[in-house]
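Inspection log for the structure reproduced underneath, given as structure tokens.
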Amino acid sequence: MKLKRLIFLTAGFICLGMGCVGVVLPILPTVPFFLATVFCFANSSRKLHDWFISTKLYKKHLESFVKKKGMTVQTKLGIIIPVTIVMGIGFWMMMRGGVLAPSIILLVVWVCHIVYFIFGVKTLKQPEMNPDQCD
282 MKLKRLIFLT
292 AGFICLGMGC
302 VGVVLPILPT
312 VPFFLATVFC
322 FANSSRKLHD
332 WFISTKLYKK
342 HLESFVKKKG
352 MTVQTKLGII
362 IPVTIVMGIG
372 FWMMMRGGVL
382 APSIILLVVW
392 VCHIVYFIFG
402 VKTLKQPEMN
412 PDQCD
């Protein structure tokens, strides 16, 4: 039982680190790593789980997705654009090298990614700012 907890704890910290790097580097996806962090911390430590869901990182990148099962257009584009760039570079390099089968697989994965985010994830409206709240 303790080994399982240690494995989830270690995986949670690795995913947290990768997600934080993904905030800075657009080529790394942030949301999947933070989702994995929540899952791992929930299975290893209630305190870490509660701490993570109270952080600004969680609230900015995951809260709307987890609670409302959707994302704003800005969040969707923040995921789609970097993934498209990275996959496009990989696709271009493989096609340039004459590697056809993996190129087709990558193209299918990219199309599924786009279809999922456009049609599978609900689009939420941006929260409107009240003029009284502006500084």
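Adding 281 to a residue's 1-based position in the sequence shown gives its number in the working numbering. C-beta atoms are modelled at their ideal positions from N, C-alpha and C, and glycine is treated no differently. Given the structure is predicted, the values throughout are model-derived calculations rather than measurements.
From LEU309, PHE333, LYS349, pick the residue whose C-alpha is nearest to that of ILE366; which is it?
-> LEU309
Between which two residues does the beta strand (DSSP E) carrying THR311 extend?
-> Segment 311-325 is the alpha helix (DSSP H) holding THR311; no beta strand (DSSP E) there.
Going by C-alpha distance, which of PHE289, ARG327, TRP332, VAL302 is nearest ALA317?
-> PHE289
Which whole runs of the alpha helix (DSSP H) in the region 328-391 are 4 residues long or more, in chain order?
-> Note on the region 328-391: whole alpha helix (DSSP H) runs with a minimum of 4 residues are 337-342, 344-349, 354-377, in chain order.
Report the option in VAL304, VAL305, PHE314 whose CA atom is closest to the CA atom of PHE294.
-> Of the candidates VAL304, VAL305, PHE314, the one whose C-alpha sits nearest the C-alpha of PHE294 is PHE314.
If we count the other Cβ atoms within 10 Å of its Cβ and call it buried at 16 or more, is VAL319 buried or exposed?
-> buried
Exposed unless 16 or more other CB atoms sit within 10 angstroms - verdict on LEU329 | Under this definition LEU329 is a buried residue.
Member of MET368, LEU297, VAL305, LYS337 whose CA lies at the smallest distance from the CA of PHE322 | LEU297
Sheet register partners of ALA403 (DSSP bridge) = Looking at the sequence itself, residue 403 is Lys, so the reference to Ala does not match. GLY351.
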